[in-house]
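Numbering (the working numbering), first residue to last: 1 to 268.
All C-beta atoms in this analysis are idealised placements derived from N, C-alpha and C, irrespective of residue type, glycine included.
Everything below concerns the one structure shown next.
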Amino acid sequence: MLVRQSARPLGIGAMTLVMLLTASLSAIAQITTGSVVGTVKDAQGGVIPGATVTLTSETKGTSLPPTVTTATGDFQFPVTPVDTYTVEITMPSFKTIKQSGVAVSPGVRTVLGSLTLEIGGATETVEVKAEASMIQSTSGERSFTVPTDSVQNLPFSNRGFTSLASLAPGVTGTTAQGTQNCMSTNVSMDGVSTMDTGSSGAAIFNMNVESIAEVKILESGYQAEYGLRSGLQVMAVTKSGTNRFRGSVYNVRRNSDCPRALSSALMK
């Protein structure tokens with residue numbers, strides 16, 4: 001009797017813990033991953049159910065588990081790691097279509113729109129190139145994304161990724177217009193806040209940009225999962241590696257004589 005009564009609260013507590021952990025992991029996944037959605041149609045505009053859709057990373061060569069279009073021709077990859085992908089759609093009696101250059105950013109729902117399959121053999125392939133949308137219409141947030149090539153090629157004075165926040169319109173340093181100071185800014189790495197919640201309120205660490213794949217700056221109108229602070233949200237996603245070995249070497253040098261020497265050279 002006593003054993004049964006003591007085991008019941010333990011079961012409820014364990015269930016509560018599992019639910020809290022699941023909710024936390026779900027929130028982190030929404031911040032560090034994106035999603036890809038689209039609709040498959042034929043040349044006459046009719047939807048095509050049962051088509052197989054595959055998402056393949058262009059940097060790693062790996063593929064996510066394939067999905068099948070629904071009765072309305074829709075498909076989605078709800079949890080997609082940040083990367084650039086090629087979408088491949090196959091269906092018997094139709095040509096295979098491949099759309100490359102599909103970029104996925106953290107917390108962004110990438111909408112491919114309608115993809116048209118043409119009648120033909122499955123061995124025939126139609127290749128198209130994805131074009132980035134100039135207007136973000138899936139949410140009311142005001143945001144700015146620094147892609148991988150910019151993170152790799154832009155010069156940094158301190159080799160810290162938070163300095164990329166100043167590239168966003170209306171941002172000075174790590175403070176957005178309309179906020180009082182940097183204390184209202186939240187910096188996160190792979191969905192986990194790096195802020196010191198104690199006395200300083202500053203970021204605990206600032207990772208080297210060599211390990212950063214992409215940085216997204218949320219200024220206003222963002223969703224509830226980006227809480228903690230009411231100001232700027234600076235989110236970084238670390239690199240996950242590719243199928244090739246590579247490295248980089250850099251040198252940072254500050255010389256107060258350089259401006260003087262340049263001025264003298266210009267006056268000659």
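Taking buried to mean at least 16 other C-beta atoms within 10 Å of its own C-beta, is Ile97 buried or exposed?
Sixteen is the threshold: when 16 or more other Cβ atoms of the shown chains lie within 10 Å of the Cβ of Ile97, as they do, the residue is buried.
When DSSP builds the beta bridges, which residues end up paired with Phe75?
Gly38.
Given Thr72, which residues of its chain have a CB within under 8 Å of its CB, disregarding the five upstream and five downstream residues?
So the qualifying residues of the chain are Thr39, Val47, Pro49.
Which value, in whole angstroms, describes the spacing of the CA atoms of Ser193 and Gln233?
About 10 Å.
Please determine, among Pro155, Val209, Lys60, Val102, the residue with the shortest C-alpha to C-alpha distance to Leu112.
Of the listed residues, the one whose Cα sits closest to Leu112 is Val102.
In chain order, each beta strand (DSSP E) run of at least 3 residues that lies wholly inside the stretch 53–103:
Unbroken beta strand (DSSP E) runs of no fewer than 3 residues, entirely contained in the stretch 53–103, are found at 74–81, 83–90, following chain order.
With DSSP collapsed to three states, give me the class of Glu124.
Note: Glu124 maps to coil in three-state DSSP.
Who does Phe144 pair with in a DSSP beta bridge?
Secondary-structure assignment with DSSP links Phe144 through a beta bridge to Ile217.
Cα separation between Gly247 and Thr172?
Roughly 31 Å between the two C-alpha positions.
Determine, using beta carbons only, whether Ala236 and Met195 come nearer to each other than 8 Å.
With contacts defined by Cβ atoms closer than 8 Å, Ala236 and Met195 do not form a contacting pair.
Restricting to Cα atoms, I'd like to know which of Gly160, Gly170, Ser166 is closest to Thr238.
The shortest Cα separation from Thr238 among Gly160, Gly170, Ser166 belongs to Gly160.
8 Å CB neighbourhood of Ser211 in its chain, flanking five on each side removed
Exclusion of the five residues before and after Ser211 leaves Thr238, Lys239 as the residues of its chain whose Cβ lies within less than 8 Å of its Cβ.
Cross-strand partners of Ile48 (DSSP beta bridge):
Per DSSP, none; premise fails for Ile48.
Run through the DSSP bridge pairs and tell me what Thr110 is partnered with.
Here Thr110 is bridged, per DSSP, to Val36.
What residues are listed by DSSP as bridge partners for Ser188?
Beta-bridge pairing links Ser188 to Ser193, Met235.
Please work out which residues of its chain come closer than 6 Å, Cβ to Cβ, to Val36, disregarding the five sequence neighbours upstream and downstream, and give them in chain order.
Exclusion of the five residues before and after Val36 leaves Phe77, Thr80, Thr110 as the residues of its chain whose Cβ lies within less than 6 Å of its Cβ.
Thr162 to Gly191 span [Cα, whole Å]:
As the crow flies, the alpha-carbon of Thr162 is around 15 Å from that of Gly191.
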